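In the numbering used here, each residue's number is its place in the sequence shown (first place is 1) plus 2. Glycine included, C-beta positions come from ideal geometry on N, C-alpha and C. Note that the structure is predicted; figures quoted are calculated from it, not measured. Okay, so here's the structure we're looking at.
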Amino acid sequence: MRKKRPNWIPVVTAVIRRESKFLLGQRPESGSMAGVWEFPGGKIEAGETPEVALTRELSEELGIEAEIGDLKYAATHAYGETGIVLLFFEVNYWKGAIKTQHHHEIKWVTRDELLKENLPDANKKVIHKLLEKFE
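This is the structure we're talking about:
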């Protein structure tokens, strides 16, 4: 018997940098992976391009109007029966003050600090390859 194909969820992720630091948000206590640190972003809704989805997510999560740059890296990961396709985009510029509208907390971390953070498994397995794209 053939193995059932997993459900795939497309997810857009923003790599936001300020000088040599990266922005991370801590997932809220009320949801899945509570307390884990992540790059901002979320699911692509029906009819959205990845760039439109990420612009919407950054407005909802951080209260900013972002200019989405290039797709820097793409990866897949499975959480049980659910697979995710992760699209990591660089954010070139943004307007507005970054604030926590979704995350429990936000912080700026160096590359070395980022490597030590409690990230989602989907990010941990690709973080070195992702960071190579920003060197």
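Please report how far the alpha carbon of Val38 lies from the alpha carbon of Lys97, in whole angstroms. If you take the alpha carbons of Val38 and Lys97, they lie about 26 Å apart.
Return the chain-ordered list of same chain residues with a C-beta closer than 7 Å to the C-beta of Asn94, the five sequence neighbours on each side being excluded. Glu69, Gly71
So, at 8 Å on beta carbons, what are the nonlocal neighbours of Ala76 in its own chain, with the 5 sequence-adjacent residues on each side left out? Scanning its chain for C-beta atoms nearer than 8 Å, with the 5 sequence neighbours on each side dropped, one finds around Ala76 the residues Val87, Leu88, Leu89, Phe90, in chain order.
Going by DSSP, what residues sit across from His79 in a beta bridge? Ile86
Just mark Ile11 as buried or exposed, buried being the case when its beta carbon has 16 or more other beta carbons within 10 Å. exposed
Three-state secondary structure assigned by DSSP to Lys118: Three-state DSSP puts Lys118 in a helix.
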